[in-house]
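Residue numbers (the numbering used here): 64 to 423. The C-beta atom is built at its ideal place from N, Cα and C for all residues, glycine as well. These figures come from a predicted structure and were not determined experimentally.
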Amino acid sequence: MTLKQTPLNAAHRAMGAKMVDFGGWDMPVNYGSQIDEHHQVRNDCGMFDVCHMRVVDAKGDGVRAFLRYLLANNADKITIPGKALYSAMLRPNGGVIDDLIIYFMTEQWFRIVVNAGTADKDIAWMKEQAATHAPGLTITSRDDLAMVAIQGPNARAKVWQVLPQTKAATEGLVNFQAADCGEYFVARTGYTGEDGFEVMLPKEKVEAFWYDLNKVGVKPIGLGARDTLRLEAGMNLYGQDMDETVGPLESGLAWTVDLKSERDFIGKSALLANPPSKKLVGLVLLDRGVLRGHQKVVTPHGEGEITSGTFSPTLEKSIALARVPKDVQIGDSVQVAIRDKMLAAQVVKYPFARNGKGLI
64 MTLKQTPLNA AHRAMGAKMV DFGGWDMPVN YGSQIDEHHQ VRNDCGMFDV CHMRVVDAKG
124 DGVRAFLRYL LANNADKITI PGKALYSAML RPNGGVIDDL IIYFMTEQWF RIVVNAGTAD
184 KDIAWMKEQA ATHAPGLTIT SRDDLAMVAI QGPNARAKVW QVLPQTKAAT EGLVNFQAAD
244 CGEYFVARTG YTGEDGFEVM LPKEKVEAFW YDLNKVGVKP IGLGARDTLR LEAGMNLYGQ
304 DMDETVGPLE SGLAWTVDLK SERDFIGKSA LLANPPSKKL VGLVLLDRGV LRGHQKVVTP
364 HGEGEITSGT FSPTLEKSIA LARVPKDVQI GDSVQVAIRD KMLAAQVVKY PFARNGKGLI
């Protein structure tokens, strides 16, 4: 199978990246030390190739009403131009098709960013639903756009060095808000628990942008550090922490599901008819070892399973997200099966780290 490549593939190789197969994409896992890359983002800033993510524009009359029905979170919450909303998109049975971000731009235009591995499936689902519920809408995959995430306490200042023309429109952005700056769409969003921007720009300009960022001291960061950063920040990874077999209420995403408003949405009746029996919690390993996905968790209320686990460079401890019986409480002692041993762990409230600091 030929792996798909982002427009930055040659740049990664020129910078000495170790490349791996990531869901059918040829992507950098690190450029040397994954631990150093992790600390670089927590303490300064780094840049991530997220060109494999898909940008989708939904346009036309009634686009807000359509998204109100399509998504578990309520599109009515965003009324300021550029404001973003995180949501799950569900099957009628309540399973998670994908988690995504929508940006309100105008009443005729919402921008949507979906995950790489689910992009084709997501767009097909959106178009199928639009054909029935909003036939006048256009759902357009913006294959002409690339995206780079610049994350860390110094990230915004570095972007302004490279794109000074965007500073006036972006320095007043709050978290989860974007500005359309002509060729550059700049969003104060990210997947690391740090401040920063995600910048969408024409595909043919992304390599020059990447190198310009590097010239002002922004170091490239691979998928390895991206995973430890997002897990410390308590952020779900689609395909590990949730998928089509599990609902958002069992995946730590209850805060993204609006069950209070009168509106109907795809999957709502299934969620109401099937209250969750499990929930997502944080774990910190007390014994020596490393927590990994699919390890069994034994609790006083029954068994659970780790969905994502890693060694946390910030805490210097092994941490995990785990789906466990709903009666498990913060502070409970549990055991994790690791290589035929039962090791002690504690249930904690995540996130584990944000803004450069450990929280546990």
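Bounding residues of the beta strand (DSSP E) (the contiguous stretch that carries residue i)
i: Asn418; result: No beta strand (DSSP E) holds Asn418; DSSP gives it neither H nor E.
i: Arg117; result: 117–122
i: Phe328; result: Looking at the DSSP string, Phe328 is not in any beta strand (DSSP E), and its letter there is neither H nor E.
i: Lys359; result: 359–362
i: Ala400; result: 396–401
i: Trp88; result: 88–93
i: Val176; result: 172–177
i: Arg386; result: 380–388
i: Lys221; result: Looking at the DSSP string, Lys221 is not in any beta strand (DSSP E); the run it does join, the alpha helix (DSSP H), is 218–225.
i: Val347; result: 341–348
i: Ala407; result: 404–411
i: Glu366; result: 365–375
i: Met110; result: 109–112
Those residues which DSSP pairs with residue i across a bridge
i: Pro265; result: Leu208
i: Gly249; result: The identity of residue 249 in the sequence shown is Val, whereas the question assumes Gly. Ala242, Val262, per the DSSP bridge assignment.
i: Tyr149; result: Ile164
i: Val83; result: Met90
i: Gln18; result: Residue 18 cannot be examined here, being either before or after the span of the chain that is shown, 64 to 423.
i: Tyr301; result: Met305
i: Lys282; result: Gly109
i: Lys67; result: Trp88
i: Met203; result: Here residue 203 is Thr; the residue named in the question, Met, does not match the sequence. Asp120.
i: Thr452; result: With the chain running from 64 to 423 in the structure shown, residue 452 is simply not present.
i: Val159; result: Leu153
Element boundaries [alpha helix (DSSP H), containing residue i]
i: Asn106; result: 97–106
i: Met189; result: 182–196
i: Gly287; result: 286–295
i: Ser232; result: Contrary to the premise, residue 232 reads as Ala rather than Ser in this sequence. First-last of the alpha helix (DSSP H) with Ala232: 230–233.
i: Arg76; result: 72–77
i: Ala128; result: 126–133
Whether residue i touches residue j by CB criterion (8 Å)
i: Leu153; j: Ala128; result: no
i: Asp350; j: Ala271; result: no
i: Phe111; j: Pro144; result: no
i: Pro216; j: Asp258; result: yes
i: Met189; j: Leu264; result: no
i: Leu384; j: Leu292; result: no
i: Asp304; j: Arg205; result: no
i: Gly367; j: Gly356; result: no
i: Gly157; j: Thr308; result: no
i: Ile160; j: Val176; result: no
i: Cys114; j: Val269; result: yes
i: Asp89; j: Gln68; result: yes
i: Val360; j: Val397; result: yes
i: Lys266; j: Asp207; result: yes
i: Gly109; j: Val279; result: no
i: Ala147; j: Thr65; result: no
i: Val347; j: Ile284; result: no
i: Asp162; j: Ala179; result: no
i: Val104; j: Gln214; result: yes
i: Gln358; j: Val399; result: yes
i: Thr255; j: Cys244; result: no
i: Ser381; j: Gly421; result: no
Check: At a cut of 8 Å, does the stretch 376–386 reach the stretch 287–295 through at least three beta carbon pairs?
Finding: yes
Note to self: Under 8 Å: do the stretch 313–323 and the stretch 338–350 share three or more Cβ pairs, one atom per stretch?
What the structure shows: yes
Check: Within the chosen definition, does the stretch 225–240 reach the stretch 191–200 through at least 3 CB pairs nearer than 8 Å?
Finding: no
Notebook entry, point to check: Touching or not, the stretch 65–81 and the stretch 168–176, by the rule of three or more beta carbon pairs under 8 Å?
Noted result: no
Checklist line | Touch test, the stretch 396–416 against the stretch 333–340, Cβ-Cβ under 8 Å, three pairs minimum | finding: no
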